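Residue numbers (full-length UniProt numbering): 1 to 171.
Here a beta-carbon is modelled for each residue, glycine too, at the ideal position from N, C-alpha and C.
Note that this is a predicted model, so its numbers are computed, not measured.
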């Protein structure tokens, strides 16, 4: 099983890191499936809008709901996330690698992209996942302790991805 994760503190840090890694992997010719997130700051809101780019060639989907400047609580658009899951799962048929921007609350509860991660691993595809500190314990439980932690270094992550791809295609 080739499963790695990266964690990084700071708002949007993992998203920017994975976006950089994915751009490089695409330039290397990897056939990717998955999601990368971009965060759009809004001067009139304390929190950003969240968009997912669906790999390899899918649309960009807004997964946050604007509940107003003073709203609290979850802003995730669960329907948009589930549509993204369907797209990503279908993209596995033509992929050699899965990238998941975040193992979040949905995944920690067994929903979201958790079944897609499991399916990719069952197919022998390498998987790279972004995980924040809050969801690290559920991710480690999900992975059965078999996931490899990678440092938040784009070159190290790229090298792991390329090596995992080679091993997966040789198997």
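Next on the checklist: If contacts are defined as beta-carbon pairs under 8 Å, then residue 120 and residue 98 qualify, I think. What distance do you get, rounded to the angstrom?
Outcome noted: For the purposes of this step, residue 120 is identified with residue 120 of the chain shown, where counting begins at 1. For the purposes of this step, residue 98 is identified with residue 98 of the chain shown, where counting begins at 1. At roughly 4 Å, the Cβ-Cβ gap stays under 8 Å, so residue 120 and residue 98 are in contact.
Next on the checklist: Just verifying my parser: in three-state terms, what is the DSSP assignment at residue 15?
Outcome noted: The residue labelled residue 15 in the question sits at position 15 within the chain shown. If DSSP states are grouped into helix, strand and coil, residue 15 belongs with the helices.
Item to check | Close beta carbons around residue 155, own chain, < 7 Å, minus the five adjacent residues each side | outcome: Position 155 of the chain shown holds residue 155. If we look at residue 155 and ignore the five residues flanking it on each side, it has no Cβ neighbours.
Checklist entry - Since residue 51 sits in a beta bridge, which residues does DSSP pair it with? => result Taking the chain shown and counting its residues from 1, one reaches residue 51 at position 51. 38 and 62, per the DSSP bridge assignment.
Checklist entry - How would you label residue 91, buried or exposed, when you count the other beta carbons within 10 angstroms and need 16 or more for buried? => result As a working note, residue 91 is residue 91 in the chain shown. Flag for residue 91 reads buried.
Checklist entry - In chain order, what residues of the same chain lie with their CB nearer than 7 Å to the CB of residue 136, ignoring the 5 residues before and after it? => result By 1-based counting over the chain shown, the position of residue 136 is 136. Once the five neighbours on either side are set aside, the close Cβ partners of residue 136 are 7.
Checklist entry - Just checking my contact of residue 100 with residue 3 at CB under 8 Å: how many whole Å lie between their CB atoms? => result By 1-based counting over the chain shown, the position of residue 100 is 100. By 1-based counting over the chain shown, the position of residue 3 is 3. Incorrect: roughly 10 Å between the Cβ atoms, too far for contact.
Next on the checklist: Is any non-hydrogen atom of the ligand FMN found closer than 7 Å to the C-beta of residue 122, if you look at the structure I gave you?
Outcome noted: With respect to the ligand FMN, the structure offers nothing, as it holds no ligand at all.
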